[in-house]
Every structure is written in structure tokens, then in C-alpha cells.
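In what follows, a structure is listed as C-alpha cells, so that the remarks can point back to it.
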Amino acid sequence: MAEWWTYRPSDFLLFSPRVYWRMFELHNAAVWPLHLAMLAVGLAFVLIALRRHALPDRWAALGLAALWAFVGWSFLWGRYAAINWAIAYVAPAFGIQALLLAVLGARGIIFGRRDMAGQVGLLLAMAGLVGYPLVAWLFGRSWSSAEVFGIAPDPTAITTLGILLGASSRLVPLLFPIPVLWLLFSGLTLRTMDDAQAWIPFSAAGTAVVVVVLRSVTRRNKS
Amino acid sequence: MITRRDLVKSAALSAATFALSGETSSATPAPMTRTIPSSGEAMPAVGLGTWITFNVGDDSVLRDECADVMAAFFQAGGRMIDCSPMYGSSQPVVGYGLERFRQPQALFSAEKVWTTSANDGPAQIERSRRLWGVERFDLVQVHNLVAWEAHLETLFAMKAAGQIRYVGITTSEGRRHELFEQIMHAHPLDFVQLTYNILDREAEERLLPLASERGMAVIVNRPFRQGELTQQLESEPLPAWAGEIAVATWAQFILKFILSHPAVTVAIPATSRVDHVRENMAAAADPLPDAALRERMVAYVRDL
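Chains as they are written, first to last, in numbering that gives the first Met the number 0: chain A, 0 to 222; chain B, 0 to 303.
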């Protein structure tokens, strides 16, 4: 298509904010009370990460893989793709992330680094897990549209990035691009809808990238 | 106590009755019509767009709201509903509304083909037709000139075979007007669709005069700049002289400006509200502004 420069992000927004937030309401109603189980699973992942044992860490990685597959299939493919055809091309990326996490789990991984990256990661994971469901209320929306880890993509991506910042494995860098890109996509969507909540996914993605870069620079300087 | 929701439901039910019979409400005057140059068929000058407003997915509450909008549209004498495969779930939502009212006789179905693959064009049109649940489309347009050469060949062949009635092309927001003009010169199109409103007037220079000269009907999209224009103007007062053209709202002010261009056949504002569809349809009525008043309208909006 010629004249791409004449297009604005709003030209690609196919739905209204009302339709977008009702999508979360409908999805939450459809999967309730899975939210409680997901919160418990998320807290278990964080606790496992804090303990630094290879065996439960492996299962945590496999559990995260299952959640990415679930969110990609149930929310993106099953619901979001109906109002945004581009999501049909994005949903497989969640499958790829699930596969990468599964491979990582199978090969062995240890979470719970105690360095600066690990501590920021812990904060990010808790923000995604406990803080994100409060965002709907903070921004004046109904609780029924709350976004919960393991059910909605943004808190799932943020919590995953937090856990990964505390992970040790040569393959870990491969696991950052998809959650970061998703958060940028989601932030851009919210920004185009003029929703102030956009800064949250942008900030989470930015924090993860900055921490990874700083850690990499610090390592290089030491060697 | 009667609530606003009760009133809307009641209105939707009565609208459904009219839609079934293919008649307009006796309380609503029939909208002004324009003639499709290539056939002489009469077309109400205000249609219904579906961009964003009808993309509601599987949300049953919002699907019913869209069906109510369609019912009010037909009740007010509307005919043309315009959609595209690009508009997310809008096609099945239109199909849902049509099924609910058992395919109103008045419907003029305007669709688009939107795929970069020439070979996929016929399959996409057939998929769209099934989603609408119609026997055939009245009009199929090449959306934003995507793969236009191949798709026009397909569409003219379909028209010759009686599978569609009219062929058209579309653009929006002033894009690719030069190529658009070349295609209008080279092909016997029935319809062209473009953006035109009181602020976006580039089409006045070449495309609208050319459409008149070539005998092509003109569909105007984005009359309100996707709602931005009416939102910007809503805090401003209508000029006192707006009463001369029987205008009560900014939406009607803008629509009457568009419809007063002699080349324009139909404007297709999109809305998800029953009251707005009625307001839009009411704009398709005399009196329309003359050339002097059109200039005054432009100057007034420009200076706000």
C-alpha cells in the first residue's frame, strides 16, 4: 500500500473503547472463578522463584508455558480476534512463547536471583499479579472488567517479565521479546483509545528492557 | 415509570414491524432521494456506515443495539448499509440484524473486496455474502484500491453475470486521489466512495466534478471524521441562520452541507445510537443550502 505515512494509529483501531472493555467483562464472566486459582498459581510461582530450587523452578516454567498457551487460545484467539483481525496473527506468538517456556523448563532453569535485576523483577511480578487487577477500579471502570494474571494478556506478560528478570539460564534472553512486544502493542492500543492506562504496559515493558540492558552492561564491564 | 431503555426497546419493536413490511413510519417523512446515474434507481440520500460502530464481536447486548440501529434506519426510510471485510465483526453483526428483521426489502447492500490477492477476491465476496445472509450484493467496491485492477475485472464479470448489480471503488481521507481519478476515467464505474465533509473538501476540485461528468454515483464516507468533528463542534453554538435550512444539530449541519453538493448521492454516517440514526436521516430533507450559504457554512466552521 502506498502512502503509509498518511496513516495514523487511529486508522487501525477497529473498535470502540466500550467494546474493548466489555470484552474483558464478558471473558471474566465466562471463566469465573478461575481468577482465584490463577492468583494462587501466580503467588506460588513467585514463592517458588524466591526459594531457588531447580526442580520446582522447572515446574514453574512449565506452568507459565501452560498459562501463555491458555491466554493466547482463550482470550486472544477466542475473543479478541473477533473484533481485531490482526490478533489472529498475534495469538500464535503466545503459542511460541509457551513453547519457549516449555523448552526452558525442560532444559532446567533457576529463578530467584538476588541481584538488582532479580529484585526489580520481584516487584514487577507482584505488580502484575496483585496490582493489575486493581487498575480497572483505579481508572474508574467496573471490577467486572479487571485484568487478572493467567486470564488477561497484560498482567500475564508483566508478571512473566518480572519472574524472568530473576531467572538464570542462557536461553532466558529469548523469552523477553514476545512479552515486551505484546505490552508495546497493548500500550499503543490503549493510547490510541485515549486511555490513560496506556502508561502501565509501556512502563512495564520499558522497565524490563532497561533492567536487562543494565545487567548486560554491568556484566560486560566486570569481564 | 417509563425509562429511556423502555422507550428505545419500544421504538426498536415498532421499527422492526416497519422493517418487516418494508415501509417507512407514517410519522417519519420519507428521506430525500438521489438517483444512481447508471440505472436511474432512487436512493435515500443518507445511508448507514458500519466502521467501528458495528464491530462488537460476539457481545449479544451490543449486537442487539446494532440491530436496533438498523431497525430505526429502515423505519426512517434508509436503504444503503455499507460494510467491509476489513471492519472486524461488522459483517456478521449486519447479518444478525438482517436475520432478526427477515431481510428488509428496502435494503441496498454495499460491500467491499479487500485482499491483496486477486485470486482470493471471489471467495472473499462469497464469504461476505454468507455473513450478510443476502442472495446477492447490490454493490461491491474495491476497498482503498487494494489490487484494484484484478478486482475490477472480477467485479465487472460478476455484474455481467448478474451476481452483483453495481461496481465501485473506494478511498478515504484524501488518499490516492490521483490514481482514483485515473481509474474513474478508464472504467465505467457505477459508484465511487470517498471522504468529503465541511473541512475535508479536496474532492470538490476534481473527483466530484468528474463523477458528475462520468455519470457515477458518489458515496461519502467519514462525514463526521469518525465523530471527531461533531465532538469538536458540540460545545460551539449553531449559527442563528442554521434555521434557514432546518438544522437542529451539528450533525445535521454537516450532513446538509455534504448533501447540498450536486454530485453527492449518499452520505454514510456510522453510529451505534438509535437517536443519532434518526437525527442523521432527518437531515436528508429540504431545504438544503445554496452555493452562497455553503460558503457561509464553511467560513463559520473554519473560524470557530
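Here a beta-carbon is modelled for each residue, glycine too, at the ideal position from N, C-alpha and C.
In terms of residue numbering, what span does the alpha helix (DSSP H) encompassing residue i cover?
i	result
A:Tyr83	Tyr is not the amino acid found at residue 83 of chain A; the sequence shown has Asn there. Per DSSP, A:Asn83 belongs to no alpha helix (DSSP H) and is neither H nor E.
A:Trp20	Pro16 to Val30
A:Thr158	Pro152 to Leu164
B:His260	Careful: B:His260 lies outside any alpha helix (DSSP H) and carries neither H nor E.
A:Ala6	This sequence places Tyr at residue 6 of chain A; Ala is not what is there. Per DSSP, A:Tyr6 belongs to no alpha helix (DSSP H) and is neither H nor E.
B:Asp63	Ser59 to Gln74
B:Arg301	Ala290 to Asp302
B:Gln162	Taken as a continuous stretch (DSSP letters only), B:Gln162 belongs to no alpha helix (DSSP H), as it is neither H nor E.
A:Arg190	Pro176 to Thr191
A:Thr206	Trp198 to Lys221
A:Leu38	Leu33 to Arg50
B:Ile182	His176 to Ala185
B:Pro91	Ser89 to Arg99
Can you tell me where the beta strand (DSSP E) holding residue i begins and where it ends?
i	result
B:Asp137	Phe136 to Val141
B:Thr32	Thr32 to Thr34
A:Ile108	Here A:Ile108 belongs to no beta strand (DSSP E), and DSSP marks it neither H nor E.
B:Asn220	Ala216 to Asn220
Who are residue i's beta bridge partners in DSSP?
i	result
B:Asp81	B:Ala109
B:Gly167	B:Gln140 and B:Phe190
B:Pro43	B:Thr32
B:Val265	B:Ile218
A:Gly127	Answer is none; A:Gly127 lacks a bridge partner.
B:Gly48	B:Ala269
A:Ser167	A:Ile109
If residue i and residue j are in contact, beta carbons under 8 angstroms, what's the gap, nearest whole angstrom?
i	j	result
B:Ser211	B:Pro261	7 angstroms
B:Cys82	B:Ser89	5 angstroms
A:Ala156	A:Pro132	Not a contact, Cβ separation roughly 15 angstroms.
B:Phe100	B:Ala71	Not a contact, Cβ separation roughly 11 angstroms.
B:Val112	B:His150	5 angstroms
B:Arg62	B:Val55	6 angstroms
B:Val166	B:Val217	Between B:Val217 and B:Val166 the Cβ distance is about 14 angstroms, and since that is not below 8 angstroms, they are no contact.
A:Leu38	A:Val134	Between A:Val134 and A:Leu38 the Cβ distance is about 15 angstroms, and since that is not below 8 angstroms, they are no contact.
B:Ser37	B:Ile80	Not a contact, Cβ separation roughly 20 angstroms.
A:Asp56	A:Phe110	5 angstroms
B:Ala290	B:Ala44	Contact flag wrong, Cβ pair sits at about 18 angstroms.
B:Arg293	B:Phe252	Wrong, their Cβ atoms sit about 11 angstroms apart, outside the cutoff.
So, does the CB of residue i fall closer than 8 angstroms to a CB anywhere in chain A?
i	result
B:Gly21	Because B:Gly21 sits at a pLDDT of 47, beneath the cut-off of 50, its placement in the model cannot be relied upon, and the following sentence gives the value as read from the coordinates. Not an interface residue.
B:Val55	yes
B:Ser37	no
B:Gly87	yes
B:Asp67	no
B:Ile80	no
B:Asp119	no
B:Ile51	yes
B:Asp58	yes
B:Ala109	no
Spell out whether any CB of chain B is found under 8 angstroms from the CB atom of residue i.
i	result
A:Thr5	yes
A:Ile108	no
Under 8 angstroms, Cβ to Cβ, is there at least one residue of chain C near residue i?
i	result
B:Leu61	As a matter of chain content, chain C is missing from the structure shown, whose protein chains are A and B.
For the stretch 70–100 of chain A, enumerate the residues whose C-beta is nearer than 8 angstroms to any C-beta of chain B, in chain order. Arg78, Ala81, Ile82, Asn83 and Trp84
Against chain A: residues of the stretch 160–192 of chain B by CB proximity under 9 angstroms: Ser171, Glu172, Gly173, Arg174, Arg175 and Leu178
Looking at chain B, which residues of the stretch 11–32 of chain A have a Cβ within less than 7 angstroms of any of its Cβ atoms? Here the close residues are Leu13, Phe14, Ser15, Val18, Arg21, Met22 and Leu25.
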